[in-house]
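A.B. asks:
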Amino acid sequence: MIINRKILTLDEFTIQQLRQFPSATGELSSLLRDIGLAAKRINVEVNKAGLVDILGDAGSVNVQGEDVKKLDIYANNQLMGVLKHGISCAGIGSEELDDVVVFDDEVSNNSKYVVLFDPLDGSGNIDVNISIGTIFGVYRRISELGKPCTKEDFLQPGNRQVAAGYVVYGSSTMLVYATRRGVNGFTLDPAIGEFCLSHPDIKCPPSGRIYSVNHGNFFQYDEGVKSYITACQKKDKTNGGPYTQRYIGSMVADVHRNLIKGGIFMYPGTIDKPKGKLRLMYECNPFAFITEVAGGKATNGKERVLDIQPTELHQRSAYFVGSKDMMEELESHYKK
Ligand code: AHM
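Going by this note's numbering, the sequence shown opens with residue 99, and the numbers climb by one from there.
1) How long is the line joining the alpha carbons of residue 407 and residue 416, rounded to whole angstroms?
2) If I'm right that residue 378 touches residue 414 with Cβ under 8 Å, what's the distance once you round it to whole angstroms?
3) If you follow the beta strand (DSSP E) that residue 282 is part of, which residue opens it and which one closes it?
4) Given a threshold of 16 other Cβ atoms within 10 Å of its Cβ, counted over all protein chains shown, does residue 176 qualify as buried or as exposed?
5) Skipping 5 residues on each side, what residues in its chain have a beta carbon closer than 7 Å to that of residue 73?
6) Count the other CB atoms, across all protein chains shown, that sit within 10 Å of the CB of residue 282; report buried if there are 16 or more and exposed otherwise.
7) Between the Cα of residue 388 and the Cα atoms of 276, 325, 432, which residue gives the shortest distance?
8) I need the DSSP call for residue 86, collapsed to helix, strand or coil.
9) Could you spell out where the beta strand (DSSP E) holding residue 323 opens and where it closes?
10) Under three-state DSSP, which class holds residue 343?
11) Assuming residue 217 is part of the beta strand (DSSP E), what are its boundary residues?
12) Taking Cβ to Cβ, would you say residue 421 is nearer than 8 Å to residue 399?
13) Cβ of residue 350 within 8 Å of Cβ of residue 264?
14) For the ligand HEM, is there a heavy atom less than 7 Å away from the beta-carbon of residue 398?
15) Per DSSP, what kind of secondary structure is residue 115 in: helix, strand or coil?
16) Is it buried or exposed, residue 321, if we count other Cβ atoms within 10 angstroms and call 16 or more buried?
17) Got a sec? Which residues, its chain only, sit under 7 Å from residue 369 by beta carbon, not counting five neighbours each side?
18) Three-state secondary structure (DSSP) at residue 236?
19) Would you tell me roughly how many angstroms separate the C-alpha atoms of residue 169 and residue 218, rounded to the nearest one?
20) Taking 8 Å as the threshold, find out whether the segment 306-314 comes into contact with the segment 353-371 through three or more Cβ pairs.
21) Have a look at residue 411 and residue 337 and give me their C-alpha separation to the nearest angstrom.
22) For residue 216 versus residue 345, is the C-beta distance shorter than 8 Å?
23) Taking all protein chains shown into account, do 16 or more other C-beta atoms lie within 10 angstroms of the C-beta of residue 245, making it buried, or fewer, making it exposed?
24) Taking the DSSP output, what are the residues bridged to residue 402?
25) Leaving aside the five residues before and after residue 220 along the sequence, list all residues of the same chain whose C-beta is less than 8 Å from its C-beta, in chain order.
26) Between the C-alpha atoms of residue 249 and residue 198, what's the straight-line distance to the nearest angstrom?
27) Residue 211 and residue 130 look like a contact to me (Cβ under 8 Å); what is the Cβ gap, rounded to whole Å?
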């Protein structure tokens, strides 16, 4: 009799990982399972977006000065809810909220972690049925256990993340998370409502043939970026011909594709916005962590993203992330 290969669910996988560390408390595994639960709830609403009256602006403007969509608020509340009621999280910071939320109760004050997240990235694409995503970074708090967490717990450089991940709501829904031990991807099986391990030990190919950038801003970019983009277009037959340009405008989907296939994603600063558009704490740091664990690189054009000391929660950063060799070629154009 042939017995089907065992499919590991997210919960089974995190428990197996935990067993390798007899002294581990299970708080991180529990936190990842909480985020998985929120992701499933968000997924249900994202899938209904074309059917129910949930589309459109909620009528408010977030701290970045952008219109807030109803699904953004829903996703934010789901994540906040699971993390507040779980046992692992002392507080959260969200792209949608002006300030951090400290869960000041007995369990939370004794929890080891704080989480920063962008509940629904690429939400401008909801109305047109294009993939969107959730991004999160997990930090061990530096304030004293037993007391409420503090702002300093959140303003840590990305290299202090203990885990980071994202969910892409696409042709299938996937949750990918990284710890320092590796990156693993889980696809949601709608039949059983579980994330199942589908992409074990993801490695970012050292090189690729895809570059992702908003070409409309080309003349606003600095010379290093323009020179690299031109080089991507001028690759000749000896090195496989010009690279392919792919830009969805939904970072989770763009970076996910490049992580799997090999490629580079760029959101450079422009003349008008020298720090670009993307948020260091909610978008850049989690993907920098995931990509580095997978073997790739992430910089702001000058320094490693994970080494930037944040000064404010909502700060922006120019951003380049992807396959190691492609990132190094970009850096050589910057040096020139
Ligand atoms: P959002 O926070 O409004 O969703 O914006 C973030 C998104 C990223 O997912 C994407 O890479 C970028 O904005 C696209 O911006 P642009 O349209 O300027 O190229």
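For glycine and all other residues, C-beta sits at the position ideal for the given N, C-alpha and C. Bear in mind that the values here come from a model prediction, so they are computed numbers and not experimental data.
C.D. replies: With the structure as the only source:
1) Cα to Cα, residue 407 sits roughly 14 Å from residue 416.
2) That belief holds up - the Cβ atoms of residue 378 and residue 414 are roughly 7 Å apart, short of 8 Å.
3) The continuous beta strand (DSSP E) containing residue 282 extends over residues 280-287.
4) By the neighbour-count criterion, in which 16 or more other beta carbons inside 10 Å mark a residue as buried, residue 176 falls on the buried side.
5) One cannot answer for residue 73 here, as it falls past the ends of the chain, which runs 99 to 434.
6) Under this definition residue 282 is a buried residue.
7) When only C-alpha atoms are compared, the closest one is 276.
8) Residue 86 lies beyond the range of the chain shown here (99 to 434); nothing can be said about it.
9) No beta strand (DSSP E) contains residue 323, which is instead part of the alpha helix (DSSP H) from 321-331.
10) Strand.
11) The continuous beta strand (DSSP E) containing residue 217 extends over residues 211-219.
12) No, Cβ-Cβ distance for residue 421 and residue 399 is not below 8 Å.
13) With respect to the 8 Å criterion, residue 350 and residue 264 are classified as neighbours on the basis of their beta carbons.
14) Absent from the structure shown: the ligand HEM. Ligands present: the ligand AHM.
15) Helix, per DSSP.
16) Exposed: under 16 other Cβ atoms inside 10 Å.
17) Cβ contact annotation for residue 369 (same chain, cutoff 7 Å, sequence separation greater than five): 318, in chain order.
18) Looking at residue 236 - three-state DSSP - the assignment turns out to be strand.
19) For the pair residue 169 and residue 218, the Cα-to-Cα distance works out to about 8 Å.
20) The segment 306-314 makes contact with the segment 353-371: 3 or more CB pairs, one atom from each, lie closer than 8 Å.
21) Rounded to the nearest angstrom, the two C-alpha atoms are 42 Å apart.
22) Contact: no.
23) Label assigned to residue 245: exposed.
24) Residue 402 pairs with 397.
25) Residues of the same chain with a CB within less than 8 Å of the CB of residue 220, apart from the 5 flanking positions on each side, are 228, 229, 230, 231, 346, 347, 348, 349, 350, 351 in chain order.
26) Approximately 7 Å, taken between the alpha carbons.
27) Incorrect: roughly 10 Å between the Cβ atoms, too far for contact.
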